[in-house]
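Take 42 as the starting number for the sequence shown in my numbering and just add one per residue. Notes to accompany the following structure.
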Amino acid sequence: MSVVLERLDREIPVPPGERTTNADESHPMRKATRAIASSPQGWTPELRSQVRDLFDQLAPGWNTRAGEQRLDAVHDALERGPLPKGGTWLELGSGTGLMTGALAGHADVVLAVDLSEQMLRLAPDDVAPRLLADGAALPVPTGSVDVLVAINAFLFPAEAARALAADGALLWVNTSGPHTPIHLPAEDVLAAMGSGWHAVASEAGWGTWAVLRRG
Ligand SMILES: C[S@@+](CC[C@H](N)C(=O)[O-])C[C@H]1O[C@@H](n2cnc3c(N)ncnc32)[C@H](O)[C@@H]1O
42 MSVVLERLDR EIPVPPGERT TNADESHPMR KATRAIASSP QGWTPELRSQ
92 VRDLFDQLAP GWNTRAGEQR LDAVHDALER GPLPKGGTWL ELGSGTGLMT
142 GALAGHADVV LAVDLSEQML RLAPDDVAPR LLADGAALPV PTGSVDVLVA
192 INAFLFPAEA ARALAADGAL LWVNTSGPHT PIHLPAEDVL AAMGSGWHAV
242 ASEAGWGTWA VLRRG
């Protein structure tokens, strides 16, 4: 029987000190994350407006969340995850671009996609083209994305599957692991993508990551 979810041992230890986030299943963003991942109907026009307005408001203070430890899971996934080299990477929910620079060295081009204009305005304009768009309806051709990256960002399973090339990969990262407001464990990401996908997952620092591929 083939292994659908392979777990790699942790290499980057949990850092000392306090995490900045402590969300659980009752957090509104967690509820939204689950609703969106489980059904296209979960992403209602009302929720879309609420999410866009919330992140527009949060944008001015977002970069205070920067910090090397926040990048532990991203760096670990880029090093150990079974990701295609080069090609077109689409960072969904790229925010102010805190993670975009780390991705740029692994891709031929990174597209930084976000729903919030205020978040995107604060992202650097010399690292990745910035696209104001909705992850539920990406402005890219079918099968044109080699890696779809979602770091603390919602999962739109059908649109991710449409946008990704047949041999493409979905990189899912939660920088505070299960304490991240927008979080799903690897097995739930796999379940949301449906049959025909397999995943490699691990933990790093406070974070968790999974790379999913077809076949
Ligand atoms: C928790 S923030 C994460 C930002 C960045 N990835 C980080 O870790 O610093 C989530 C981001 O996803 C964006 N977002 C929410 N819904 C989206 C959607 N449907 N399409 C694209 N971006 C979306 C928000 O505007 C916000 O910038």
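Every residue gets a Cβ at the ideal spot worked out from N, C-alpha and C, and that includes glycine. Quick caveat, the model's predicted, so the values are computed rather than measured.
Closer than 6 angstroms: residue i CB and nearest ligand 1 heavy atom
i, result
"leucine 156", "yes"
"valine 45", "no"
"glycine 246", "no"
"valine 115", "no"
"valine 92", "yes"
"alanine 169", "no"
Whole-Å CB distance - residue i paired with residue j, under 8 angstroms assumed
i, j, result
"glycine 122", "tryptophan 250", "7 angstroms"
"serine 185", "phenylalanine 96", "About 26 angstroms separates the two Cβ atoms, so there is no contact after all."
Residue interval of the beta strand (DSSP E) (run including residue i)
i, result
"tryptophan 238", "238-245"
"aspartate 155", "150-155"
"alanine 194", "Here alanine 194 belongs to no beta strand (DSSP E), and DSSP marks it neither H nor E."
"arginine 48", "46-48"
"alanine 206", "205-215"
"threonine 129", "129-133"
Below-7 angstroms beta-carbon distance, residue i vs any chain B residue
i, result
"alanine 227", "Chain labels in this structure do not include chain B; a single protein chain is all it has."
Residue i - DSSP class collapsed to helix/strand/coil
i, result
"leucine 253", "strand"
"aspartate 187", "strand"
"arginine 106", "helix"
Buried versus exposed call for residue i [16 or more other C-beta atoms within 10 Å across all chains shown]
i, result
"threonine 85", "exposed"
"glycine 218", "buried"
"valine 214", "buried"
"alanine 207", "exposed"
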